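Undergrad: In UniProt numbering, the protein residues as written are 1 to 316.
Cβ coordinates follow ideal geometry from the N, Cα and C atoms, glycine included.
This structure is a prediction, so every number in the text was calculated from the model and none was measured.
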């Protein structure tokens, strides 16, 4: 009888064919991956490759062979575009406009996301919902222009930095990442006498490197590619970013497509290098923040259960 019960208690093992995919299934999965890779290459890589090939052509070569390979490879287009477009000075401006607001936004986002994710504020869920909803609202360019003129922020580098340093793009994912950090770290830091600012910079921020790198990339790319705001807020050509300079450069050399292609590739090169260097953090940050960011914020469930049990004992 015991032997029969023990045999019934053992779970039935699944067939080997269900646990391990067959060779045919692996080949079908491989074909799907290859097809997806080819589609991605056609949609994203081929335009960049075509742009790069045109940049190495002379203007007569482009007129004779607009879609073929260069017959005489030349780097003169890059030299001419760099000098005529003044991209060196404009790239310095773009770096300032991209790095400073990005760093300020990330630090402020962490300081805002930490107390809300821990539930240290009253109505943390309402605040969290408010910040998420505000991210879907369109930016008012005309009110922003009027405000910049009224506060004397128009056509100045410090004013432009103030206008672009108060966005909260990564707040949603920062809340998710901080919820994955154990609360016992907060208690240990308090017992050791660690201050709040020191705790954020030495404990929380180092554990959020993937999230910070991910939205650092997003913020950098957004600031680097921003064209509408510099067109409205910056009238002095000495303050132009590289996108504003490329826009003016394109207007001057509309017919010379190899020169325009070289200038475009010069502007896009820093973004490509940034993605190559930080691509692994990009995937980790998006995956980790998305998996935890959909959860609600609030107080520690263990603390809530302890308080409820204590209140029930007092009621008895």
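For residue 244 versus residue 231, is the C-beta spacing smaller than 8 Å?
TA: In contact: residue 244 and residue 231 (Cβ atoms closer than 8 Å).
Undergrad: Is residue 225 helix, strand or coil when you go by DSSP?
TA: Note: residue 225 maps to helix in three-state DSSP.
Undergrad: Counting beta carbon pairs with one atom in the region 72-79 and one in the region 220-230, are three or more of them shorter than 8 Å?
TA: No contact exists between the region 220-230 and the region 72-79.
Undergrad: Which whole-angstrom value is the C-beta distance of residue 171 and residue 211, which I expect to be below 8 Å?
TA: In fact, because the Cβ distance is near 11 Å, the residues do not count as touching under 8 Å.
Undergrad: Contact between the region 181-197 and the region 124-140: three or more CB pairs below 8 Å?
TA: Judged by Cβ distances under 8 Å, the region 181-197 makes no contact with the region 124-140, as fewer than three pairs qualify.
Undergrad: If you draw a straight line from the C-alpha of residue 157 to the C-alpha of residue 79, how long is it?
TA: Answer to the nearest angstrom: the Cα atoms are 28 Å apart.
Undergrad: Less than 8 Å between the beta carbons of residue 33 and residue 240, yes or no?
TA: No, these two residues do not count as a Cβ contact at 8 Å.
Undergrad: Can you check the region 81-169 for any alpha helix (DSSP H) of at least 4 residues that lies completely inside it and give the ranges in chain order?
TA: Correct list: 87-118, 124-134, 141-150, 157-164.
Undergrad: Just verifying my parser: in three-state terms, what is the DSSP assignment at residue 199?
TA: Three-state result, residue 199: helix.
Undergrad: Quick one: what's got a C-beta closer than 7 Å to residue 236's C-beta in the same chain, skipping five residues either side?
TA: For residue 236, where only same-chain residues beyond five positions count, the Cβ hits under 7 Å are 155.
Undergrad: Taking all protein chains shown into account, decide if residue 36 is buried (16 or more other Cβ within 10 angstroms of its Cβ) or exposed.
TA: By the 10 Å Cβ count, residue 36 comes out exposed.
Undergrad: Kindly indicate which three-state DSSP category residue 388 falls into: helix, strand or coil?
TA: In this structure the chain extends from 1 to 316, so residue 388 is not present and cannot be described.
Undergrad: Measure from the alpha carbon of residue 47 to the alpha carbon of each residue in 277, 279, 261, then state which is nearest.
TA: Closest by alpha carbon: 261.
Undergrad: Taking all protein chains shown into account, decide if residue 55 is buried (16 or more other Cβ within 10 angstroms of its Cβ) or exposed.
TA: By the neighbour-count rule (16 or more Cβ atoms within 10 Å), residue 55 is buried.
Undergrad: What are the boundary residues of the alpha helix (DSSP H) that residue 51 is part of?
TA: Counting along the chain, the alpha helix (DSSP H) containing residue 51 begins and ends at 46-55.
Undergrad: When you compare only the Cα positions, how much space is there between residue 110 and residue 242?
TA: Between residue 110 and residue 242, the C-alpha separation is close to 29 Å.
Undergrad: Are residue 39 and residue 113 close, meaning C-beta to C-beta below 8 Å?
TA: No, the pair does not count as a contact, with Cβ atoms beyond the cut-off.
Undergrad: Quick one: Cα of residue 131 to Cα of residue 263, how far?
TA: Approximately 39 Å, taken between the alpha carbons.
Undergrad: Kindly indicate which residue of 165, 233, 194 has the alpha-carbon position closest to the one of residue 222.
TA: Comparing Cα positions, the closest option is 165.
Undergrad: Within a Cβ cutoff of 8 Å, which residues of the same chain sit near residue 106, ignoring the five residues on either side of it in sequence?
TA: Cβ neighbours of residue 106 beyond the five flanking positions: 170, 212, 215, 216, 219.
Undergrad: If we ignore side chains and look at the alpha-carbon of each, how far apart do residue 87 and residue 248 end up?
TA: Their backbone Cα atoms lie some 11 Å apart in a straight line.
Undergrad: Count the other C-beta atoms from every protein chain shown that fall within 10 angstroms of the C-beta of residue 128, then say buried if there are 16 or more, exposed otherwise.
TA: By the neighbour-count rule (16 or more Cβ atoms within 10 Å), residue 128 is buried.
Undergrad: Alpha carbon to alpha carbon, how far is residue 159 from residue 103?
TA: The alpha-carbon atoms of residue 159 and residue 103 are separated by roughly 16 Å.
Undergrad: Between the alpha carbons of residue 143 and residue 149, how many angstroms are there, rounded?
TA: Straight-line Cα distance between these residues: approximately 10 Å.
Undergrad: Whole-angstrom Cβ separation of residue 53 and residue 43, contact assumed at under 8 Å?
TA: About 17 Å; that fails the 8 Å criterion.
Undergrad: Thinking residue 85 and residue 272 are a contact (beta carbons under 8 Å), I'd like their distance in whole angstroms, please.
TA: About 18 Å separates the two Cβ atoms, so there is no contact after all.
Undergrad: Report yes if the C-beta distance between residue 66 and residue 161 is below 8 Å; otherwise report no.
TA: Contact flag unset, no.
Undergrad: Under a three-way DSSP split, which group does residue 264 fall into?
TA: Residue state, collapsed to three classes: helix.
Undergrad: Beta-carbon within less than 8 Å of residue 99's beta-carbon, same chain only, minus the 5 sequence neighbours each way: which residues are those?
TA: Excluding positions up to five away in sequence, the list reads 220.
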